[in-house]
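Notes follow once the structure below has been shown.
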């Protein structure tokens, strides 16, 4: 067989080519049927070239190359010319390699395979084990709780809060204070319908079993009951205390939250929850003397109430004080009698607030009514006549999403304006600042561009020139004279989309509020009415920032008008439902 006698030297200036050179050398030896180790080593040292042979001698020193086997010399040369690359660096190059623009999928995958050659991927142990935690200062403190992913998960976690057992609020018992000068009142039991007698008896037995009522033989106060039928047919037993104990009870002057204050808190959020306390007042224990004051008289005899009862005049204030104290310093939580209202910006925030509320309620021994607790994102009310199959097949085209105005960052940079009226024969021009919500309202003779320019010239002299003015497409705002006025002052004039007044929603809302306010102000001239309205608006703080428009626009407070506050026992007008006399004092 003819042998191949020529094989080129290895170029030491290109060490990366050693892998291909070594593979070709093995093929050369096989082609010449050289399989013995010493002969293979001799061929290697003969054909590799003088520079490579000097490297072999250096690598095997102090031993001569002949003392090593062919495989050992090849391994030494491979480690010399192609040292093993850093695995961490090769993985870094692999993970940062992105597909280039115009690069095909096949070419991209081939490049990834090439980069993965030295990454040493595979089923190996973690590079960072637990033995490294201490040297690196990593300390495991344990997982105490896992954040729930839904309100239902949180309810399941606090299942004891929703148990059927009666809650007992921890703390001293409630004491009802009475006027000693008023003698005790004892009344007889009232007759109840025969159809309700059995259900009333069952409810009395249940209340006795829960420890709310206790039969008594003798007492100084007795109050008849009023059975109330719920929607589900069950009975609620309430004492008619206005005929007896309420006449002697001293008033609890604790302030109940006003509805406007609650709405101001709720308007800050996007998602809401309502918690309902089960048998709310009856979760508060009363002392022995107060239990006798609440004694009820029924067809089954007298029962003293050992829990605070519905119908007691001071019960709302007592219960509200307890709930406010229990849930104080919790942002977005509003207790209102037996309801706890919660407001949040997101589902995650709602779950966090619910957890804090549940912790406090559980520590206080309170129980919740699961059926009446609800979490609300958006409610849609359907008409009873809506047919389900019609709604399923009805075409509902997607609604165009309007882009919101960018948030104003400085006062008087973007203002919104609109005409409204006539009201009382007067036409008004309204201007509102997008940043401070500062309101300006002027009476104008007409909706012409001349009248509008006069008002804007006065406002610009007071507050300066804005960057942008937003109006609708009214004739006054689209006239050449008004556009020239805007252009000469360097003001960008933006008009709303036709037939979409909500594009100028800030002005539209201000117009609505101004109309309602002017209807309430009935005395004085129109100038006086506007002056009172604007002074009140400029000095009223915004509940979100707690700053008034005057503070946001002019960095100073405006002295508000005197505020009339009613005191206890003041005579006030209330609505009377008597047709002959609509109001009484």
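In our numbering, the protein residues as written are 4 to 588. Glycine included, each C-beta is placed from N, C-alpha and C at the ideal position.
message: What does the Cβ neighbour count give for residue 384, buried or exposed, with the cut at 16 atoms within 10 Å?
response: Only weak support exists for where residue 384 lies, its pLDDT of 38 falling under 50; the value from the coordinates is given anyway. Exposed, since its Cβ has fewer than 16 Cβ neighbours within 10 Å.
query: How long is the line joining the alpha carbons of residue 52 and residue 21, rounded to whole angstroms?
result: 13 Å
field: C-alpha gap between residue 252 and residue 429, whole angstroms
entry: 55 Å
query: By how many angstroms is the C-alpha of residue 55 removed from the C-alpha of residue 11?
result: 12 Å
task: Go to residue 218, then tell me how far its beta strand (DSSP E) extends in each direction, as first and last residue.
output: 216 to 219
message: Tell me the rounded alpha-carbon separation between residue 436 and residue 414.
response: 7 Å
task: Sort 119, 476 and 278 by Cα distance to residue 92 and report the nearest one.
output: 119
query: Helix, strand or coil for residue 286 per DSSP?
result: helix
Rounded straight-line distance, which links the Cα of residue 245 to that of residue 334: 37 Å
task: State the DSSP-derived secondary structure class of residue 370, mapped to helix, strand or coil.
output: coil
DSSP beta-bridge partners of residue 279: 342
Through-space distance from residue 574 to residue 556, alpha-carbon basis: 40 Å
- prompt: If you draw a straight line from the C-alpha of residue 537 to the C-alpha of residue 531, how long is it?
  reply: 10 Å
message: Just to confirm, is the Cβ distance from residue 47 to residue 73 under 8 Å?
response: yes
field: the region 263 to 275 touching the region 229 to 248, judged by at least three CB pairs closer than 8 Å
entry: no
- prompt: Taking three-plus beta-carbon pairs below 8 Å as touching, is the region 204 to 216 in contact with the region 307 to 317?
  reply: yes
message: Classify residue 560: buried if its beta carbon has 16 or more other beta carbons within 10 angstroms, exposed otherwise.
response: exposed
- request: Name the residue from 35, 418 and 426 whose alpha carbon lies nearest to the alpha carbon of residue 462.
  value: 418
task: Note down the Cα distance separating residue 17 from residue 31, rounded to an integer number of angstroms.
output: 21 Å
- request: Quickly, what does DSSP pair residue 423 with across the bridge? List them, please.
  value: 431
- prompt: Mind checking residue 197: buried by the 16 CB within 10 Å criterion, or exposed?
  reply: exposed
message: Going by DSSP in three states, residue 533 sits in which element: helix, strand or coil?
response: helix
message: I'd like the span of the alpha helix (DSSP H) that includes residue 33, first residue to last.
response: 21 to 34
query: When burial is assigned at 16 or more other CB atoms within 10 Å of the CB, is residue 61 buried or exposed?
result: exposed
message: For residue 547 and residue 271, I'd like the C-alpha separation in whole angstroms.
response: 7 Å
task: Just the C-alpha distance for residue 321 and residue 500, rounded to the nearest angstrom, thanks.
output: 55 Å
task: Could you please give me the residues that DSSP links to residue 226 through a beta bridge?
output: 299
query: Out of curiosity, what's the CA-to-CA distance linking residue 353 and residue 517?
result: 35 Å
query: Smallest Cα separation from residue 121: which of 576, 90 and 455?
result: 90
query: What is the C-beta distance between residue 257 and residue 359, in whole angstroms, given that I count them as a contact (C-beta under 8 Å)?
result: Contact flag wrong, Cβ pair sits at about 24 Å.
query: Can you tell me the Cα-Cα spacing of residue 488 and residue 464, whole angstroms?
result: 14 Å
task: State the beta-bridge partners of residue 347 as determined by DSSP.
output: 274
- request: Could you check what DSSP says for residue 1 in three-state terms: helix, strand or coil?
  value: Given a span of 4 to 588 for the chain in the structure shown, any question on residue 1 remains unanswerable.
message: Quick test of your reading: residue 171 and residue 288, contact by CB under 8 Å. State the CB separation rounded to the nearest angstrom.
response: 6 Å
Sequence-distant residues of the same chain with beta carbon closer than 6 Å to residue 372, five excluded per side: 279 and 281
query: beta strand (DSSP E) containing residue 442: first to last residue?
result: 442 to 447
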